[in-house]
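Presented below is the structure to which this report refers.
Residue numbers (the working numbering), protein chains in the order written: chain A, 6 to 313; chain B, -13 to 252.
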């Protein structure tokens, strides 16, 4: 019985979410649209950090690569938003994989410091418009909205449904990952790399794959983020964003889908709702994070021990 | 396959193998061979270099000299995962199970090399992938059954008693279908009954066609199950032969019990 509830609670909540545009105010729709996007990024961070166990403190970079790819292709070259998602995923996955190739040899804290470096370089490159196509500190304005069969999804509700749809797809992929060879290999590497390699696991290959996969999914979220806000600027992909994503996974619960979603609610949705109290926000979160890590190091909603 | 057929001579051969860590010569001029179908014991006093030898064979350390030949092919420079792909699988002196995962999930790790699903099939949960997952579970449950572990299949592996954890690690290694099974002190921490069971299990594994190389301190195990023993001390081989002849070798007795001179010094 309990098992049944657990199994159907997630899908039911997602279906319920489809009704949001018809039931809630515009303010709530935009908050939940951003929740869907950030939840996808947090889930992709969880692939690298929570499942494969690599301290990746630069995840906002891949999110940014996706967003910038979409903004450039849409604004400068007039590509439709949905079509830009494919190059956005590929570009982010490539950046993730290529950066990871030399870095995955590093262990724990060393990898963490290296990814912080990556994060800083990305931010600087965007601010200084190093590539000449990213618009410098102001970023790129006027990113369009997605369209389906020639109909532009102009209304906020429609855009929300697109975001919610991506979240649904990513949740499905994460669920599949749990019952698959790939998901297990990531956990073997996290728990004991030496034991895994002596059983024939090519650790380097799978670690790079984890980075590329996490980055690619973050890139897809970047596409919708660019379209949702209509503007892409360096400020959205600063180092503190990476830190927040990192904290979501740790505070919510590593390798736990409900945990990561709960973490996203706490770190992104709650601050939006209590905007008036913005100045106390990081104070409250700072204390909250300390308390959770001390009292419940496995996260607020940890992964369940269960295997079918 | 043709390579397998044409291969004669020992399965594994160490040829003048040596390794140095900085100024320390941990293993020096080591030669020995493991014949197919044999159970070979590698023994020696603490710190003699036994685990270092295992680490070199399995690719964890790279030997600084000599060659490690697997079916006449030098595998000394291969990374551990490629050594495993050759069919050389090992257990560890200190049990290395994946904590936070069930016994079944641990044993599934052994089947990694037998699993075919591509990473995208894992993500998309294709029908072929689901079929493979079901088959994998069945095969692993059969292995667990054989080692009397079926009851604990869904228990978290590292919460089990020590002796059971040893069996889980063995099950995981067997799940990888080894041709050569390397056991690093499989009887360590076992009680008398468990160690007697281990003797039987080791023989059964050999009878199923697996060649075995083991390090063990428990002389009861070593003398009972091995066909051949290699004795090393200070990284060098001091004796080799059948269990009985090795047992009576004066150099071996000296290495284990110390010579008269040592006693004088003490």
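Note that beta-carbon positions come from the ideal geometry of N, C-alpha and C, so glycine has one too.
Small disclaimer: the values here were computed from a predicted structure and weren't measured.
Can you list, in chain order, the residues of its chain with a C-beta nearer than 6 Å to that of residue i? Leave out the 5 residues immediately preceding and following it.
i	result
residue 141 of chain A	134
residue 325 of chain A	Because chain A in this structure spans residues 6 to 313, residue 325 of chain A falls outside the shown range and cannot be described.
residue 165 of chain A	26, 34, 38
residue 146 of chain A	236
residue 266 of chain A	44
residue 87 of chain A	151
residue 85 of chain B	144
residue 41 of chain A	168, 169, 172
residue 270 of chain A	none
DSSP puts residue i in a beta bridge; with which residues?
i	result
residue 156 of chain A	A:153
residue 17 of chain A	Partner(s): none; residue 17 of chain A has no beta bridge.
residue 253 of chain B	With chain B running from -13 to 252 in the structure shown, residue 253 of chain B is simply not present.
residue 48 of chain B	Answer is none; residue 48 of chain B lacks a bridge partner.
residue 88 of chain B	B:142
residue 264 of chain A	DSSP, once it has assigned bridges, lists no residue as partnering residue 264 of chain A.
residue -1 of chain B	B:19, B:55
residue 76 of chain B	B:168
residue 60 of chain B	B:55
residue 7 of chain B	B:10
residue 26 of chain B	B:199, B:214
Kindly examine the ligand MG and report whether one of its heavy atoms sits closer than 7 Å to the Cβ of residue i.
i	result
residue 34 of chain A	Absence of the ligand MG is noted for the structure shown, with no ligands found whatsoever.
In three-state DSSP terms, what is residue i?
i	result
residue 47 of chain A	helix
residue 7 of chain A	helix
residue 142 of chain B	strand
residue 308 of chain A	coil
residue 5 of chain A	Outside the displayed range of chain A (6 to 313) lies residue 5 of chain A, so it cannot be described from this structure.
residue 110 of chain A	coil
residue 15 of chain B	strand
residue 273 of chain A	helix
residue 20 of chain B	strand
residue 60 of chain A	coil
residue 82 of chain B	coil
residue 168 of chain A	helix
residue 279 of chain A	coil
residue 292 of chain A	helix
residue 30 of chain A	coil
residue 237 of chain A	strand
residue 248 of chain B	Summary for residue 248 of chain B: the model assigns pLDDT 46, below 50, so the residue's position carries little reliability, and this model does not support an answer.
residue 303 of chain A	coil
Please return the same chain residues whose Cβ sits closer than 8 Å to the Cβ of residue i, not counting the five positions on each side in sequence.
i	result
residue 250 of chain B	With a pLDDT of 43 at residue 250 of chain B, under the threshold of 50, the predicted position of this residue should be treated as unreliable, and no value is reported.
residue 71 of chain B	99
residue 114 of chain A	60
residue 195 of chain B	23
Who are the near neighbours of residue i in its chain, counting only those whose CB is closer than 7 Å to its CB and skipping five residues on each side?
i	result
residue 81 of chain B	151, 152, 155
residue 307 of chain A	258, 261, 264
residue -4 of chain B	19, 20, 21
residue 210 of chain A	none
residue 273 of chain A	39, 40, 43
Just list the beta strand (DSSP E) runs in the region 187 to 229 of chain B, keeping only unbroken ones of 3 residues or longer that don't cross its boundaries, in chain order.
197 to 201, 214 to 219, 222 to 227, all fully within the region 187 to 229 of chain B.
Touching or not, the region -8 to 5 of chain B and the region 37 to 53 of chain B, by the rule of three or more beta carbon pairs under 8 Å?
Output reads yes: the region 37 to 53 of chain B touches the region -8 to 5 of chain B.
Does the region 207 to 224 of chain B touch the region 19 to 33 of chain B, meaning 3 or more C-beta pairs lie closer than 8 Å?
Output reads yes: the region 207 to 224 of chain B touches the region 19 to 33 of chain B.
Would you be able to state if there are at least three C-beta pairs under 8 Å between the region 157 to 164 of chain A and the region 212 to 220 of chain A?
Contact between the region 212 to 220 of chain A and the region 157 to 164 of chain A is absent: fewer than three C-beta pairs spanning the two stretches fall below 8 Å.
Quick test of the definition: if touching needs 3 or more C-beta pairs under 8 Å, does the region 204 to 218 of chain A touch the region 97 to 110 of chain A?
Yes, the region 204 to 218 of chain A is in contact with the region 97 to 110 of chain A.
Determine contact between the region 87 to 98 of chain B and the region 173 to 193 of chain A, defined as no fewer than three beta-carbon pairs at a distance below 8 Å.
Yes, the region 87 to 98 of chain B touches the region 173 to 193 of chain A.
Is it a yes or a no for the region 80 to 97 of chain A touching the region 239 to 246 of chain A, going by three-plus beta-carbon pairs under 8 Å?
At 8 Å Cβ cutoff, the stretches do not touch.
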